[in-house]
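Enquirer: Have a look at this one.
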Ligand SMILES: [Mn+2]
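In my numbering, the protein residues as written are 472 to 757.
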């Protein structure tokens, strides 16, 4: 019997009627450290299907998980997986039809592929959750150069963009970060300011068009061990979800959830967090 590939349980719509389109990109070719993030999209779908938070029955109808009191009628379509070189076509189709892409990686270099494929005349900011600034410019097109690569795109406004949760910066990145004008909120800043203030600062910094990229290594490996490049310290799972809740309403260009590496995970906890991040995002968007 062929195994039917699982879709996310929140896939409650066809493409035509969906507001959110989820795409998996099972590719880790942009990684230069440990491999295995190519297994993340299906690992996340698997835990999502074993997670009763994914779906509730309300008034006799299936409905998506509803955090807090927001009424949620989100229409979601799980597009399945695409190859990295097929992502541009998929993102174009999603954007052309006025839908919001939610990309599951795969390694973080896929974010450049996604952002550069968004066909819009609008200039936009990005909010980049990561333990690393990914601002290496001496080498390009891999998971350490994503922000440098993005900063070269004409429709991206780097000065109104923010990197959150940084705690591992390489020497060569420091100057380029300063020159670029991107705002950096370190993991230590989050401790000092508190999550609420951080959300306020981000809202004040970004323009009216925002893309959110989440590298799960932004979270302390105590909470999210299953990532490609773990760094001790970092924000908690709750802080990440709080940030997503606070910023989802601003993110009108898309979301991605990257760098989950299932073979280093413990009891799928990182995949659960990745799924929950997507749930919070679609639940909070009005
Ligand atoms: Mn990254």
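Quick reminder that beta carbons are idealized off the backbone N, C-alpha and C, glycines included.
Would you say residue 617 touches ligand 1, meaning its beta carbon is less than 7 Å from a heavy atom?
Expert: yes
Enquirer: Please list, in chain order, all residues with a C-beta atom less than 7 Å from at least one heavy atom of ligand 1.
Expert: 579, 601, 603, 605, 614, 617, 686, 688, 729 and 730
Enquirer: As a quick exercise: from 569, 658 and 502, pick the residue whose alpha carbon is nearest that of residue 492.
Expert: 569
Enquirer: On the three-state DSSP scale, how would you describe residue 613?
Expert: coil
Enquirer: Tell me the start and end of each unbroken alpha helix (DSSP H) in the region 612–641 that is at least 4 residues and wholly inside, in chain order.
Expert: Whole alpha helix (DSSP H) segments, 4+ residues: 617–622.
Enquirer: Please classify residue 542 as buried or exposed, where buried requires at least 16 other C-beta atoms within 10 Å of its C-beta.
Expert: In this predicted model, residue 542 has a pLDDT of only 47, less than 50, meaning its place in the structure is not dependable; the value taken from the coordinates is given anyway. Residue 542 should be labelled exposed.
Enquirer: Please identify the residue among 575, 587 and 628 whose C-alpha is closest to the C-alpha of residue 596.
Expert: Residue 628 is the option with its Cα nearest to residue 596.
Enquirer: Between 688, 619 and 516, which lies nearest to residue 650 when the distance is taken from Cα to Cα?
Expert: 619
Enquirer: Could you pull the start and end residues of the alpha helix (DSSP H) that residue 552 belongs to?
Expert: For residue 552, there is no enclosing alpha helix (DSSP H); the residue is found in the beta strand (DSSP E) stretching over 547–552.
Enquirer: Provide the residue(s) that pair with residue 711 in DSSP beta bridges, ordered along the chain.
Expert: Paired residues: none, contrary to the question.
Enquirer: My output table needs one value for residue 681: the three-state DSSP class, helix, strand or coil.
Expert: strand
Enquirer: Helix, strand or coil: which one does DSSP assign to residue 596?
Expert: strand
Enquirer: Assuming contact is defined by CB atoms lying nearer than 8 Å, are residue 682 and residue 586 in contact in what I supplied?
Expert: yes
Enquirer: Contact check, residue 499 vs residue 507 under 8 Å by CB: the rounded distance?
Expert: 7 Å
Enquirer: Rounded to the nearest angstrom, what separates residue 658 and residue 751 at their Cα positions?
Expert: Cα atoms of residue 658 and residue 751: separation of roughly 21 Å, rounded to the nearest angstrom.
Enquirer: Measure the CB-CB distance between residue 653 and residue 672 and report whether it falls below 8 Å.
Expert: no
Enquirer: Using the three-state DSSP reduction, which class does residue 478 fall into: helix, strand or coil?
Expert: coil
Enquirer: Here's the rule: buried if 16 or more other CB atoms are within 10 angstroms of the residue's CB, otherwise exposed. What is residue 679?
Expert: Exposed, since its Cβ has fewer than 16 Cβ neighbours within 10 Å.
Enquirer: Could you check whether residue 590 and residue 548 sit closer than 8 Å to each other, using their CB atoms as the reference points?
Expert: no
Enquirer: Where does residue 652 fall in DSSP's three states?
Expert: coil
Enquirer: Touch check for the region 694–701 and the region 729–749: three-plus C-beta pairs under 8 Å?
Expert: yes
Enquirer: Would residue 635 and residue 599 qualify as a contact pair, given that the criterion is a beta-carbon distance under 8 Å?
Expert: Closer than 8 Å, so yes.
Enquirer: By the three-class DSSP mapping on this structure, what secondary structure does residue 731 have?
Expert: strand
Enquirer: Using only the alpha-carbon positions, how far apart do residue 665 and residue 719 sit?
Expert: 19 Å
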